[in-house]
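Asker:
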Amino acid sequence: MAEHYKPVKYKQWELTLEERFQEYHPPLTDREAVLEANRCLYCHDAPCMVACPTHIDIPTFIKKIATENTKGSARTILQANLLGATCSRVCPVEELCEGACVLEHEHKPIIIGRLQRYAMDYAASKKLKFFHPGKPNGYKVAVVGTGPAGLSCAGELAKLGFDVTCYEKKEMAGGLDTYGIVVFREPVEVSLSEVRMIQDMGVKIKTNTTIGVDVTMEELIENNDAVFVGVGLGSVPDMSIPGETLPGVVDGLEFIEETKVRKLNEITFGQRVVIIGAGNTGIDCATIARRLGSERVTIVYRRSEAEMPAYHFEYQFALGEGVTFMFMIQPVEVVGEGKVEGLKCVRMDLGEPDQSGRRRPVRASGAEEFVLPCDMVIKAIGQKKHTEMFSKLAEHGVKTTSNGYIAVDFETNRTDNPKVYAGGDCIRSKGEASTVSAVQDGKIAAAAIHQQLTGTPSPNEKHIEPVLSPVMK
Ligand SMILES: Cc1cc2nc3c(=O)[nH]c(=O)nc-3n(C[C@H](O)[C@H](O)[C@H](O)COP(=O)(O)OP(=O)(O)OC[C@H]3O[C@@H](n4cnc5c(N)ncnc54)[C@H](O)[C@@H]3O)c2cc1C
Ligand code: SF4
4 MAEHYKPVKY KQWELTLEER FQEYHPPLTD REAVLEANRC LYCHDAPCMV
54 ACPTHIDIPT FIKKIATENT KGSARTILQA NLLGATCSRV CPVEELCEGA
104 CVLEHEHKPI IIGRLQRYAM DYAASKKLKF FHPGKPNGYK VAVVGTGPAG
154 LSCAGELAKL GFDVTCYEKK EMAGGLDTYG IVVFREPVEV SLSEVRMIQD
204 MGVKIKTNTT IGVDVTMEEL IENNDAVFVG VGLGSVPDMS IPGETLPGVV
254 DGLEFIEETK VRKLNEITFG QRVVIIGAGN TGIDCATIAR RLGSERVTIV
304 YRRSEAEMPA YHFEYQFALG EGVTFMFMIQ PVEVVGEGKV EGLKCVRMDL
354 GEPDQSGRRR PVRASGAEEF VLPCDMVIKA IGQKKHTEMF SKLAEHGVKT
404 TSNGYIAVDF ETNRTDNPKV YAGGDCIRSK GEASTVSAVQ DGKIAAAAIH
454 QQLTGTPSPN EKHIEPVLSP VMK
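Basically the numbering used here = 1-based index in the sequence shown + 3.
1. Taking the DSSP output, what are the residues bridged to I364?
2. Contact between the region 159 to 174 and the region 204 to 216 is defined here as three or more beta-carbon pairs at a separation below 8 Å; is this criterion met?
3. Is Y170 near ligand 1, going by C-beta to nearest heavy atom under 7 Å?
4. Looking at the structure shown, is D254 part of a helix, part of a strand, or coil, going by DSSP?
5. When you compare the CB positions of G293 and Q15, do they come within less than 8 Å of one another, or not?
6. Using three-state DSSP, classify K67 as helix, strand or coil.
7. Go to F330, then tell me how far its alpha helix (DSSP H) extends in each direction, as first and last residue.
8. Taking the alpha carbon of L67 as the reference point, which residue from G102, C90 and L38 has its own alpha carbon closest?
9. If you drop the 5 nearest sequence neighbours on each side, which residues of the same chain put their C-beta closer than 8 Å to that of T57?
10. Can you give the Cα-Cα distance for H135 and D203, rounded to whole angstroms?
11. Tell me the rounded alpha-carbon separation between K74 and L81.
12. Answer yes or no: the CB of A88 versus the heavy atoms of ligand 2, is any distance below 7 Å?
13. Below 7 Å, is the gap between the Cβ of M351 and the nearest heavy atom of ligand 1?
14. Use the C-beta contact count for T262: other C-beta atoms within 10 angstroms, 16 or more gives buried, fewer gives exposed.
15. Taking the alpha-carbon positions, what's the P460 to K433 distance?
16. Please find out if some non-hydrogen atom of ligand 1 comes closer than 7 Å to the beta-carbon of N283.
17. Let me check understanding here. Comparing Cα to Cα, which of G116, D33 and L31 lies closest to I59?
18. Please classify L18 as buried or exposed, where buried requires at least 16 other C-beta atoms within 10 Å of its C-beta.
19. How many Å lie between G481 and A88 at the Cα?
20. Since V380 is in the alpha helix (DSSP H), which residue starts that stretch and which ends it?
21. What residue range is occupied by the uninterrupted beta strand (DSSP E) comprising A229?
22. What's the C-alpha gap between P190 and A370?
23. First and last residue of the alpha helix (DSSP H) that includes L81?
24. Keeping to the same chain, check which residues put their C-beta closer than 8 Å to that of D378; ignore five residues upstream and five downstream.
25. Does P95 pass the burial test, meaning 16 or more other C-beta atoms within 10 Å, or should it be called exposed?
26. Relative to the alpha-carbon of G339, which residue among P364, C55, P376 and Q319 has its alpha-carbon at the smallest distance?
27. Is the beta carbon of L85 within less than 7 Å of some heavy atom of ligand 4?
28. To which residues does DSSP link L346 through a beta bridge?
29. Please determine, among G427, E222 and L195, the residue with the shortest C-alpha to C-alpha distance to L396.
30. Apart from the five residues on each side of it in sequence, which residues of its chain come closer than 8 Å, Cβ to Cβ, to M331?
31. Which residues in the same chain as S394 place their Cβ atom closer than 7 Å to its Cβ, once the five residues preceding and following it in sequence are excluded?
32. One question on the structure: do P240 and K387 come within less than 8 Å of each other, judged by their Cβ atoms?
33. Going by other Cβ atoms of all chains shown within 10 Å of its Cβ, with 16 needed for buried, is D412 buried or exposed?
34. Can you tell me which of E26, D287 and E336 puts its alpha carbon nearest to the alpha carbon of Y318?
35. Taking 6 Å as the limit between beta carbons, can you name the residues of its chain near H389, skipping five residues before and five after?
36. Could you tell me the alpha carbon to alpha carbon distance between Q333 and I279, rounded to whole angstroms?
What follows is the structure, given as structure tokens:
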């Protein structure tokens, strides 16, 4: 097969492999943090706080950094968001708090995410503990899945005195924070230290335990006063094209997971990698491949640049890493003798809008197929839903939406079974899935469970008017 490519030189390769996978943003120094905090106008009705899905009291935590009360700052963050350390690293701040900052238009927005990380890193380095288990109230809750939705729900319930047990099918807790967020954005240790914080609050976590295999959903519903389902989404679906099972075709989530759980020099990667899909998973796979040492990385996407699901800053980041994008291209076959040698593709046009409101890609008239030479194909075309579990839940009256997510009342995150609540990616039938939304889902469900079982509103529920929880130190 003809090969017409030139390796793209890349500054990261001057670093060691380990250095390339260090956190991308260095931490702020004390001086930088205080100087930046002093730029904040401490706005009344702060738009940054409204834009944060968990409504962290941003002006207050920044003010505390400015006055060198970093412990107090960390407490303010965690009161609203128990996963403040993860969110400070992974939140699309340009679209949320920083995008809403009043200084965005005239000058530069306050770097809220990095200030939050500064406070969270301080709390972690000093091993500070802010919460105790609440006074036991006699109620038992099971949480399925320990991603941000499950951990947030579990932690908020523990503060209120519930007896909470989380069930997690993987070896380590933390969901995608532990296994899916690219390591140079969030090291595994950050996620695991949040897991430990939730355990210190009295939450029991049973890992290597799959609901539906090791424990049934029936047992959970019967033996608990409430069940929260935060199972996220599953693996990458099949593309249903010939050659998909050839060695060298890999699942994007598994590729990312390797960099989080294995030694970097043990990871297999191609020199010419083609990634199918231009969402955040695709971008992460592309940047990982470049940093591992792939000479040529190309993302193919069947729609146009405007429809690309990845965040704009991620797209810019990937371009800066030397990743090539090919839009309006549909793969039709993986070709090769016993291993991947190329991806056969065809050019697309955009037709009428589909269910998602985006214009449906259709094969361009007269378009001929062509082959992109490569030695690795990474599938990053979204995630499957846990349909088997959802049909089990349906036997207990839990309904799903027309596009296959768990249906909930968004005020409470309660399903059609009054004992079962859900949150996170498994209910995100529309809108963007994100860590911070999953955290908020867990909070909403915890408050509703408290209200339903005890008949009183949750003192943790602060919304925008902060109220100190009685269990806070
Ligand atoms: C590659 C990638 C990169 C991303 N990057 C970002 C980012 O930069 N910023 C951002 O805000 N968001 C990002 N997201 C989205 C974000 O990670 C998710 O929205 C968030 O993790 C959803 O949380 P969750 O708790 O619903 O699910 P998950 O984090 O998926 O956790 C679900 C948990 O449930 C467990 N589970 C599943 N089934 C069972 C079962 N039967 N029994 C027991 N346990 C079970 C799983 O093992 C898992 O631990 C990214 C997503 C991906 C895939
Ligand atoms: S909007 Fe900007 S300036 Fe105002 S409180 Fe928030 S971070 Fe500070």
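Glycine included, every Cβ here is placed at the ideal spot set by N, Cα and C.
This structure is a prediction, so every number in the text was calculated from the model and none was measured.
Answerer: Based on what the coordinates show:
1. Taking the sequence shown and counting its residues from 1, one reaches residue 364 at position 361. Rather than Ile, the amino acid found at residue 364 in this sequence is Pro. Bridge partners of P364: L353.
2. With a cut-off of 8 Å, the region 204 to 216 and the region 159 to 174 count as touching, because enough Cβ pairs lie within range.
3. Translated into the one-based positions of the sequence shown, residue 170 becomes position 167. Remark: the shortest separation between the CB of Y170 and any heavy atom of ligand 1 falls under 7 Å.
4. Counting from one through the sequence shown, the residue named residue 254 turns up at place 251. Looking at D254 - three-state DSSP - the assignment turns out to be strand.
5. Walking along the sequence shown from the start, residue 293 turns up at place 290. Walking along the sequence shown from the start, residue 15 turns up at place 12. It is worth fixing the name first, because residue 293 is Arg in this sequence and not Gly. Taking 8 Å as the Cβ cut-off, R293 and Q15 qualify as a contacting pair.
6. Residue mapping note: residue 67 aligns to position 64 of the sequence shown, counting from 1. Residue state, collapsed to three classes: helix.
7. Here residue 330 refers to the residue found at position 327 of the sequence shown. No alpha helix (DSSP H) contains F330, which is instead part of the beta strand (DSSP E) from T327 to F330.
8. Here residue 67 is taken as the residue at index 64 of the sequence shown, counted from 1. Note that residue 67 is Lys in the sequence shown here, rather than Leu. Selected option, being the one with the closest Cα: L38.
9. Counting from 1 along the sequence shown, the entry for residue 57 is found at position 54. Closer than 8 Å at the Cβ level, and outside the excluded window around T57, lie A83, N84, C90, V439, V442, Q443 and K446.
10. In the sequence shown, the residue the question calls residue 135 occupies position 132. In the sequence shown, the residue the question calls residue 203 occupies position 200. H135 and D203: Cα-Cα distance of roughly 8 Å.
11. Against the sequence shown, residue 74 aligns to sequence position 71. Against the sequence shown, residue 81 aligns to sequence position 78. About 11 Å.
12. Within the sequence shown, numbered from 1, the residue matching residue 88 stands at position 85. No, the Cβ of A88 stays beyond 7 Å of every heavy atom of ligand 2.
13. In the sequence shown, counting from the first residue as 1, residue 351 sits at position 348. Incorrect: M351 has no Cβ contact closer than 7 Å to ligand 1.
14. Here the question's residue 262 lines up with position 259 in the sequence shown. Counting Cβ neighbours within 10 Å, T262 comes out buried, since at least 16 surround it.
15. Counted from its first residue, the sequence shown places residue 460 at position 457. Counted from its first residue, the sequence shown places residue 433 at position 430. P460 and K433: Cα-Cα distance of roughly 28 Å.
16. As a first step, residue 283 must be located in the sequence shown, where it is residue number 280. Yes, the Cβ of N283 comes within 7 Å of a heavy atom of ligand 1.
17. If you number the sequence shown from 1, residue 59 lands on position 56. It is G116.
18. As a working note, residue 18 is residue 15 in the sequence shown. When all chains shown are included, L18 counts as exposed.
19. Outside the shown range of the chain (4 to 476) lies residue 481, about which nothing can therefore be said.
20. Working through the sequence shown from its first residue, we reach residue 380 at position 377. Segment M379 to K382 is the beta strand (DSSP E) holding V380; no alpha helix (DSSP H) there.
21. Here residue 229 refers to the residue found at position 226 when the sequence shown is read from its first residue. For A229, the enclosing beta strand (DSSP E) covers residues A229 to V232.
22. Sequence index remark: in the sequence shown, residue 190 carries index 187 (1-based). Sequence index remark: in the sequence shown, residue 370 carries index 367 (1-based). In a straight line, the C-alpha of P190 is about 44 Å away from that of A370.
23. Stepping through the sequence shown from its first residue, residue 81 is reached at position 78. Per DSSP, L81 belongs to the alpha helix (DSSP H) from T73 to A83.
24. Within the sequence shown, numbered from 1, the residue matching residue 378 stands at position 375. The beta carbon of D378 is closer than 8 Å to those of G251, G273, Q274, R275, V276, K342, V343 and E344 in its chain, skipping five residues each way along the sequence.
25. Counted from its first residue, the sequence shown places residue 95 at position 92. So P95 counts as buried.
26. Reading the sequence shown from its first residue, position 336 is the one you call residue 339. Distances from the CA of G339 to each of P364, C55, P376 and Q319 were compared; the closest alpha carbon is that of P376.
27. Absent from the structure shown: ligand 4. Ligands present: ligand 1 and ligand 2.
28. As a first step, residue 346 must be located in the sequence shown, where it is residue number 343. Answer is V337 and L375, bridged to L346.
29. One-based indexing of the sequence shown puts residue 396 at position 393. For L396, the nearest C-alpha among the options comes from E222.
30. Taking the first residue of the sequence shown as 1, we reach residue 331 at position 328. Around M331: Y304, R305, R306, S307, R350, M351, D352, L353, P364 and A367.
31. On the sequence shown, position 391 is the one that residue 394 refers to. Cβ contact annotation for S394 (same chain, cutoff 7 Å, sequence separation greater than five): none.
32. The residue labelled residue 240 in the question sits at position 237 within the sequence shown. The residue labelled residue 387 in the question sits at position 384 within the sequence shown. Contact flag set, yes.
33. By 1-based counting over the sequence shown, the position of residue 412 is 409. D412 comes out exposed.
34. Residue 318 sits at position 315 when you count from the first residue of the sequence shown. Residue D287 is the option with its Cα nearest to Y318.
35. Locating residue 389 in the sequence shown gives position 386, where the first residue counts as 1. In the same chain as H389, and ignoring 5 residues on each side of it, the C-beta atoms closer than 6 Å to its own belong to V234 and G237, in chain order.
36. Against the sequence shown, residue 333 aligns to sequence position 330. Against the sequence shown, residue 279 aligns to sequence position 276. Across the structure, Q333 and I279 are spaced so that their CA atoms are roughly 9 Å apart.
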